[in-house]
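For the sequence shown, full-length UniProt numbering begins at 1 and goes up steadily by one.
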Amino acid sequence: MVDVYRIEPFSHDVPVVCLPDTFGEDVHSVSFGSVFVRAGIKRLKNGEKKILLSSPLYEELHLPKPPLALSAFVHDRTLYLGPILGILTAGFSRSEISPLSDRSEAFARLIASAKNSGVFPVVFGIRHIDWERGLVNGYTCRNGHWRQIAVPLPNVIYDRLPNRKVEKLKEVRDMKRRIVSEYGIPWFNPGFFNKMEIHQRLEKLPEAKKYLPQTVLLKDQGSLSSMLDEYGFVYVKGTNGSHGNEVFRIRKIHEKKYLCLFRDEGQTNRMYKFSSPGEIYQHLFAGRDGNWMIQRGIRLLRFRGREMDFRIHANKVGKDWKATAIIAKCTGGNSATTHLLSGGEAKTLEEVFPNEEERSVRKNQLTEAALAVCRALEKQLDGIFGEIGLDMAFDQDGKIWLFEANSKPGRSVFASRKLKGLEEEINRSLFAFCADLAKEAIVHPETAGMSPVAL
1 MVDVYRIEPF SHDVPVVCLP DTFGEDVHSV SFGSVFVRAG IKRLKNGEKK
51 ILLSSPLYEE LHLPKPPLAL SAFVHDRTLY LGPILGILTA GFSRSEISPL
101 SDRSEAFARL IASAKNSGVF PVVFGIRHID WERGLVNGYT CRNGHWRQIA
151 VPLPNVIYDR LPNRKVEKLK EVRDMKRRIV SEYGIPWFNP GFFNKMEIHQ
201 RLEKLPEAKK YLPQTVLLKD QGSLSSMLDE YGFVYVKGTN GSHGNEVFRI
251 RKIHEKKYLC LFRDEGQTNR MYKFSSPGEI YQHLFAGRDG NWMIQRGIRL
301 LRFRGREMDF RIHANKVGKD WKATAIIAKC TGGNSATTHL LSGGEAKTLE
351 EVFPNEEERS VRKNQLTEAA LAVCRALEKQ LDGIFGEIGL DMAFDQDGKI
401 WLFEANSKPG RSVFASRKLK GLEEEINRSL FAFCADLAKE AIVHPETAGM
451 SPVAL
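Shown next as structure tokens:
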């Protein structure tokens, strides 16, 4: 349980901090983010969970205006307030009302969940960093109102860059190198998973391999024909696709009839008929940019006639993983996937498994599988990960399959009113992870960032 304190300024001419008696240690400086200020110390006798800082100290630390609640601990005679969580993204607009355009609401919900966590989140982009002053001119949101605020460089960076194109920009890579190498700031959930690379890495570990459907690279029409002959239907996926884009569901009806479902660039579900795998390959994949893989089709468990899979949002808690939220996703009409953008629909486990005993068994099975996959991924990947999104499913015989792992799991699938509680629990777990990671970097800087980040 994190100790959270009200942080308030008081009128005084010199840097002084007033601490509750519960802080037995002596203090000679105070830190907020990357800023350290020497300060005198006084003791509060009333037993309140409150820390007072003199106005000069409050201002020099660049603490946000009250009301403000932060966690606090003392290490090596320094009082650490925070941590500051820097949520790094891109695609800012000029709007003061919605600085992140249509993503503003999702980020606002994330920030709102920080209440009572002791963490101060700030959303920023590369152009918001003032290297000379050591500040970030980022955005925070209170009661639905966004405002820009200058705070010190964060204690922890949460990578929410929106796409691979932005991530590969030289200025972004240079910034990441400077943050990690020069400042020693932990950076978690770096990069984007390549589907084929993740599959190949998980294949090396028996505890994860048993959940993987047969998957091969799409090299030519022969590889497509071979997989269709063996399994009857397959999924062809872009190895770097996301949000259900670049997913083609192809079914062999007979030797001269094949059906293909996919969502086009205009976000419309399409169904095409073809006479051969060669025609499919030439029409849909020959000459297209990017790499593609073929994944065997699975005859999924159904809910009211609709195929369904499950999104498991796993969070790192302490030294292990927790399946924080599990929901079902059902296919929409003529959709290749269960993604909401393709017409899919999110359901609670109570809705799809009304029998309590069955629901408990299914949930335990999914949890066990998800945690095994997360542990395996952590063994195989560089970098620090605080959350992983998994798409898994039961086939009609009850076997569990892993379709996809996501290093930047979205929250939109949890945005409906009936799932709001799950989203809040996910976010609370994330902030707890951030607080632990920040403290580890302060107390044990030699090991906190030992897992390398690809720069």
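Built from N, CA and C at the ideal position, the CB exists for glycine as well.
Since this is a predicted model, take the numbers as computed values, not measurements.
Asked	Found
Residue(s) in a DSSP beta bridge with M392	F310, L402
A286, buried or exposed, once every other Cβ within 10 Å from all chains shown has been counted against 16	exposed
Residues near G138 in its chain [Cβ-Cβ closer than 6 Å; skip 5 each side]	V122, V123, F124, H128
CB contact check: E351 to chain C, cutoff 8 Å	Here there is only one protein chain, and chain C is not present.
Where E8 falls: helix, strand or coil (DSSP)	strand
Identified DSSP bridge partners for V247	K237
For K195 and T239, believed in contact at Cβ under 8 Å, the rounded distance	5 Å
Cα-Cα separation between G241 and V247, rounded to whole angstroms	8 Å
8 Å contact criterion, which M392 and I298 should meet: CB distance rounded	Rounded, the Cβ-Cβ distance is 11 Å, inconsistent with contact.
From E207, P277, E387, L44, residue whose alpha carbon lies closest to that of C226	The question names Cys, but residue 226 in the sequence shown is Ser. Nearest option by C-alpha distance: P277.
Proximity winner among T324, R411, H444, relative to S104 (alpha-carbon distances)	R411
Whole-angstrom distance between G184 and G47, CA atom to CA atom	36 Å
Bridge-paired residues (DSSP) for R296	V234
Residues near F73 by beta carbon distance below 6 Å, same chain, minus five either side	Y80
Any 3 or more C-beta pairs closer than 8 Å across the stretch 58 to 71 and the stretch 147 to 166	yes
Inter-residue CB distance, L88 and Y158 (contact presumed, cutoff 8 Å)	7 Å
Beta-carbon proximity list for K45, same chain, < 6 Å, skipping 5 on both sides	none
Contiguous beta strand (DSSP E) assignments of at least 3 residues, all confined to the stretch 4 to 78	4 to 10, 16 to 20, 29 to 32, 35 to 38, 40 to 44, 50 to 54, 69 to 75
Contact the stretch 108 to 123 vs the stretch 422 to 431: 3+ CB pairs below 8 Å	yes
Spatial distance of L19 from I51 (CA atoms)	5 Å
Backbone CA spacing between A405 and F310 [nearest angstrom]	12 Å
Coil, strand or helix - R178 by DSSP	helix
Local Cβ density within 10 Å of Q295, reported as buried at 16 or more and exposed below that	buried
Beta-carbon contacts of D264 that lie in its chain and below 6 Å, excluding the five residues immediately before and after	R270
DSSP state of D320 mapped onto helix, strand, coil	strand
Rounded Cβ spacing between P186 and V156 (contact assumed at less than 8 Å)	5 Å
G290 to E25 span [Cα, whole Å]	58 Å
Close-in-space but distant-in-sequence residues of the same chain around F274 (CB under 6 Å, 5 per side omitted)	Y258, I280
Check whether I384 and F188 have beta carbons under 8 Å apart	yes
C-alpha gap between L381 and C141, whole angstroms	33 Å
Residue environment, V14, which counts as buried when at least 16 other CB atoms sit within 10 Å	exposed
Contacts around H12, its chain only, beta-carbon distance under 6 Å, and the 5 residues preceding and following it disregarded	S54
Proximity winner among L366, I250, E351, E203, relative to Y235 (alpha-carbon distances)	I250
Residues near A323 by beta carbon distance below 8 Å, same chain, minus five either side	I312, H313, A314, L366, T367, A370, L371
Rounded Cβ spacing between I97 and F32 (contact assumed at less than 8 Å)	At roughly 28 Å, the Cβ-Cβ gap does not stay under 8 Å, so I97 and F32 are not in contact.
Backbone CA spacing between residue 457 and L218 [nearest angstrom]	This structure cannot speak to residue 457, because the chain is shown only from 1 to 455.
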